[in-house]
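Have a look at the structure below, then the notes.
Chains as they are written, first to last, in my numbering: chain L, 203 to 355; chain F, 75 to 809; chain R, 6 to 124.
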């Protein structure tokens with residue numbers, strides 16, 4: 203994982219908002235996650251990465267932001283199920299798109315969507331976790347990337 | 075009458091019946107004849123072809139033997155030529171035999187010739203002669219084939235001479251055989267067998283239903299003249315072919331030039347994946363293989379692709395050849411636009427390359443007959459991106475780390491690690507901060523503030539590393555600083571600009587952790603290794619028994635002074651007789667060290683003049699830093715004075731800058747004493763340095779000293795300045 | 006012309022439905038997984054299907070094959086976030102007529118649908 207890789211994820215995210223919400227998202231200052239530091243908002247989706255890369259990509263967003271986004275797309279009833287569903291979709295698209303640039307060795311799992319606060323999400327220890335705040339129309343969501351290269355021959 | 079008529083009546087059907095029978099007979103006769111004629115003509119053609127083969131056979135032997143000799147001399151393999159020679163040799167055998175006993179001859183192209191044995195006395199004699207010429211040559215050729223790659227030049231020369239010697243006679247025999255065949259054919263054509271057929275047919279035709287004789291005659295005549303006509307046609311066609319061949323040759327030469335020079339692998343494959351005869355030279359270079367024509371493209375891919383990728387590509391080619399699928403949709407999902415491939419290296423291991431493939435259909439009459447493929451080697455483009463993270467750096471780093479801490483006391487290394495971790499954590503805390511100004515102008519200020527905090531933290535790590543001579547960390551922190559400085563110079567900032575910062579932070583954090591690991595391992599070693607450090611310490615103490623042992627911190631600072639002095643051409647001495655960090659509370663000691671490092675660096679960079687300048691203003695050539703323990707006059711706090719006899723703080727510049735930055739008004743400036751003005755350097759963000767050098771700008775770091783000493787610990791700071799003469803800082807901390 | 010939308014995300018189903026309205030389909034229905042899609046398909050017999058690949062209960066590619074067995078002339082547009090080329094090739098191989106990468110916009114969806122009928 204280097205800066206170029208992070209940029210792939212960030213580009214994927216901003217593109218997503220640019221295309222789907224027609225209003226670009228802004229990136230806050232990224233930072234390194236400390237072990238005891240849990241970034242979990244109302245809706246979260248975790249995507250497992252395997253293959254020649256290993257780790258996970260995690261997107262978490264506040265309810266109010268997801269609602270706004272859904273309404274922005276032309277939907278009126280932004281209920282809980284729809285919100286959870288949408289967070290999974292965002293995470294899936296960001297990770298799926300990154301695959302194109304990271305290659306076939308970058309295999310992604312179906313997203314696991316978590317509604318509400320599950321306490322904590324475990325991250326692999328051998329790679330740093332980068333936290334990237336994504337701000338859209340004043341609300342702040344986070345993309346967490348913890349991906350290392352698998353040690354294979 | 076009645077009888078007659080009844081007889082007639084009786085005969086009538088019989089007569090009709092006879093007529094019908096003779097009609098059928100004549101039809102049969104015609105068909106039978108024309109079949110015989112066709113077969114005759116066919117065989118005649120084959121016999122002639124055989125004669126022509128005999129004629130060219132001799133030239134072939136000579137050519138084969140010649141090319142074997144050339145290849146031998148050039149040291150080229152002869153296997154392929156031998157294979158062809160073997161095939162021609164057995165063809166010769168069959169052919170020559172066929173003139174004596176009836177036998178089918180299979181030509182090189184797989185065609186079967188039915189050559190009938192010659193039965194004329196002349197023909198029989200020359201066929202025997204041909205056999206007797208061939209037999210000795212066949213023995214010689216067999217021997218040559220046996221020799222394989224180890225050809226004997228004498229054997230070759232001998233066979234070559236023999237073939238050449240008999241060459242003329244073989245051609246003559248060929249002509250005789252052709253002549254005999256022509257005589258035979260003419261006999262057959264004009265012979266009574268044919269006449270009988272014609273006669274029967276003619277009579278039957280006339281006697282029956284007035285079958286159009288002219289038509290029939292025309293057909294027969296046509297058959298008779300067919301050979302002459304076809305011969306004429308043949309020579310005309312030959313001329314046409316020669317002309318076409320010339321044109322094709324010319325066009326081929328042009329396309330050859332293109333195929334030789336184009337910098338991309340170009341090829342055509344058929345539905346089975348077989349590579350066509352024409353492909354570009356570059357293709358051989360890319361695939362590291364030669365003679366690709368006729369080779370299966372899929373086999374090449376199977377060798378260089380992963381199994382999954384190979385299967386995908388095979389499916390993909392299947393789709394391309396499936397005329398029912400839309401090309402546009404298929405081209406969109408090209409799996410090989412950028413693909414990593416591995417070639418086995420003759421020197422062992424693998425060579426990894428990146429190739430880019432493009433595909434296009436070749437459609438003929440609505441069917442995809444071939445697929446055009448372009449292949450480019452894009453390795454340099456792809457690897458350039460990856461070269462940055464080469465493992466070299468890592469190896470070098472680990473070695474540096476180990477080497478770097480061997481000269482340092484373990485306790486000091488541990489202190490460095492602890493403070494570095496604290497600084498790194500502060501970076502995270504700063505970047506994570508929630509408050510994000512809404513207005514865009516404010517946002518940039520906010521981002522700049524964050525950047526400044528990050529800079530201070532990194533700067534502190536750099537200072538500590540320099541003090542301990544941890545060259546690697548000094549370099550890392552320095553690179554980190556220059557990344558920050560790049561951002562500081564930008565007119566605007568966004569969140570993702572900080573990616574390089576967190577990346578560098580992550581690397582640095584990783585390095586600190588690695589250092590921690592090495593330190594703890596080394597610690598174990600030292601304990602296990604019989605207290606070598608302890609021994610060293612004792613001898614040191616014994617060796618300098620008359621002197622009091624100097625504080626570790628002062629030893630480090632002295633090293634820092636010497637280092638910077640060397641780099642800047644300055645001459646400075648550090649005096650700290652009674653100072654010891656031990657007199658401070660243990661949790662303040664790292665802070666005392668940080669502050670001393672910062673003050674020393676500032677003096678070295680900005681206060682001290684060059685030796686020449688110093689002598690000019692009447693000072694000693696060598697500058698002096700003095701660190702002396704003292705107590706605060708009012709509060710009684712424990713502390714020290716840090717004095718340098720350089721030019722001190724440039725009060726005029728501080729005043730200008732403070733007014734320009736809006737910290738004070740010009741009226742304030744009039745009122746303020748020099749010491750008061752000097753205190754302004756502790757204002758956050760204040761700097762008098764015009765540019766940030768490696769040795770740090772004064773001001774940067776002073777604000778953090780104030781924040782730590784006064785705000786966090788409740789200590790005191792004093793400043794006394796005599797511009798041009800000296801500058802003294804007092805640092806005091808609670809007991 | 007009839008359209009069947011298959012996607013496990015309600016939101017995406019609705020988005021496709023809205024975007025596809027421009028296309029003047031006579032009727033649009035949707036299904037949230039492969040098994041339901043097949044059931045719905047048999048009743049509805051649409052001309053066009055948009056198919057998500059990663060779905061619970063019968064993945065999209067298996068569903069593509071099953072649908073083509075029912076009605077070989079149906080046009081299927083596979084929509085996926087998996088940018089892996091193997092997936093795309095596999096989809097076309099199984100009989101999909103087109104492939105669209107997520108996230109899509111109204112324009113890219115419309116273009117992809119139009120391309121299904123291009124010769």
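All C-beta atoms, glycine included, are put in the ideal place defined by N, C-alpha and C.
Endpoints, the beta strand (DSSP E) within which residue i is located
i: residue 353 of chain F; result: It is not in any beta strand (DSSP E) - residue 353 of chain F carries neither H nor E in the DSSP assignment.
i: residue 7 of chain R; result: 7–11
i: residue 546 of chain F; result: Run containing residue 546 of chain F: none in the beta strand (DSSP E); it sits in the alpha helix (DSSP H), 545–562.
i: residue 56 of chain R; result: 53–57
i: residue 36 of chain R; result: 32–36
i: residue 309 of chain L; result: 308–310
Continuous alpha helix (DSSP H) stretch holding residue i: start and end
i: residue 68 of chain R; result: 65–75
i: residue 113 of chain R; result: 111–121
i: residue 202 of chain F; result: 195–221
i: residue 380 of chain F; result: Unbroken run through residue 380 of chain F: none, as it is neither H nor E.
i: residue 17 of chain R; result: 15–25
i: residue 567 of chain F; result: Taken as a continuous stretch (DSSP letters only), residue 567 of chain F belongs to no alpha helix (DSSP H), as it is neither H nor E.
i: residue 809 of chain F; result: Premise fails: residue 809 of chain F is in no alpha helix (DSSP H) and is neither H nor E.
Under 7 Å between C-beta atoms of residue i and residue j
i: residue 795 of chain F; j: residue 803 of chain F; result: no
i: residue 784 of chain F; j: residue 713 of chain F; result: no
i: residue 1 of chain R; j: residue 60 of chain R; result: Residue coverage of chain R in this structure runs from 6 to 124, which leaves residue 1 of chain R outside it and unanswerable.
i: residue 41 of chain F; j: residue 699 of chain F; result: This structure leaves residue 41 of chain F out entirely; chain F is present only between 75 and 809.
i: residue 449 of chain F; j: residue 368 of chain F; result: no
i: residue 815 of chain F; j: residue 413 of chain F; result: This structure cannot settle anything about residue 815 of chain F, because the visible part of chain F is limited to 75 through 809.
i: residue 337 of chain L; j: residue 214 of chain L; result: no
i: residue 258 of chain L; j: residue 251 of chain L; result: yes
i: residue 21 of chain R; j: residue 55 of chain R; result: yes
i: residue 633 of chain F; j: residue 544 of chain F; result: no
i: residue 84 of chain R; j: residue 105 of chain R; result: yes
i: residue 103 of chain R; j: residue 117 of chain R; result: yes
i: residue 629 of chain F; j: residue 494 of chain F; result: no
i: residue 111 of chain R; j: residue 46 of chain R; result: no
i: residue 721 of chain F; j: residue 683 of chain F; result: yes
Counterpart residues of residue i in DSSP-defined beta bridges
i: residue 263 of chain L; result: L/245
i: residue 703 of chain F; result: F/714
i: residue 343 of chain F; result: F/349 and F/445
i: residue 350 of chain L; result: L/256
i: residue 794 of chain F; result: F/802
i: residue 344 of chain L; result: L/262 and L/335
i: residue 414 of chain F; result: F/428
i: residue 233 of chain L; result: L/333
i: residue 85 of chain R; result: R/106
i: residue 315 of chain L; result: L/247
i: residue 648 of chain F; result: F/699
i: residue 436 of chain F; result: F/444
8 Å contact criterion, which residue i and residue j should meet: CB distance rounded
i: residue 234 of chain L; j: residue 332 of chain L; result: 7 Å
i: residue 371 of chain F; j: residue 349 of chain F; result: 5 Å
i: residue 317 of chain L; j: residue 245 of chain L; result: 6 Å
i: residue 237 of chain F; j: residue 211 of chain F; result: 6 Å
i: residue 264 of chain L; j: residue 311 of chain L; result: About 24 Å separates the two Cβ atoms, so there is no contact after all.
i: residue 789 of chain F; j: residue 711 of chain F; result: 6 Å
i: residue 251 of chain F; j: residue 197 of chain F; result: 6 Å
heavy atom of the ligand FMN below 6 Å from residue i C-beta
i: residue 340 of chain L; result: Among the ligands in the structure shown, none appear at all, so the ligand FMN cannot be discussed.
Subject >> Where the region 559–570 of chain F meets chain L: residues whose CB sits under 8 Å from a CB there >> reply: Within the region 559–570 of chain F, those residues whose Cβ lies closer than 8 Å to any Cβ of chain L are, in chain order, 568, 569 and 570.
Original post:
Just by C-beta distance, which residues in the region 224–258 of chain L are closer than 7 Å to chain F?
Top reply: Per Cβ criterion, the list reads 228, 229, 230, 231, 232, 233, 234 and 236.
Subject >> Near-chain L residues of the region 103–123 of chain R (beta-carbon distance less than 7 Å), N- to C-terminal order >> reply: So the close ones are 107, 108 and 110.
Subject >> Short-range partners of chain L found in the region 494–509 of chain F, where Cβ spacing is below 9 Å >> reply: Those would be 498, 499, 501, 502, 503, 504, 505, 506, 507 and 508, in chain order.
Original post:
Taking Cβ-Cβ distances below 7 Å as the criterion, which residues of the region 7–32 of chain R are in contact with chain L?
Top reply: Under the 7 Å Cβ criterion, the region 7–32 of chain R contributes 14, 15, 16, 17, 19, 20 and 23.
Subject >> chain L contacts from the region 657–669 of chain F (Cβ-Cβ distance under 9 Å) >> reply: Close to chain L, meaning a Cβ-Cβ distance shorter than 9 Å, is no residue of the region 657–669 of chain F at all.
Original post:
Which residues, taken in chain order from the region 266–280 of chain L, show a beta carbon closer than 8 Å to some beta carbon of chain R?
Top reply: From the region 266–280 of chain L, only 272, 275, 276 and 277 have a Cβ closer than 8 Å to chain R.
**OP:** Taking a Cβ distance cut-off of 7 Å, strictly less, list which residues of the region 58–76 of chain R are near chain L, in chain order.
**Re:** Those residues of the region 58–76 of chain R that come within reach of chain L (Cβ to Cβ, closer than 7 Å) are 59.
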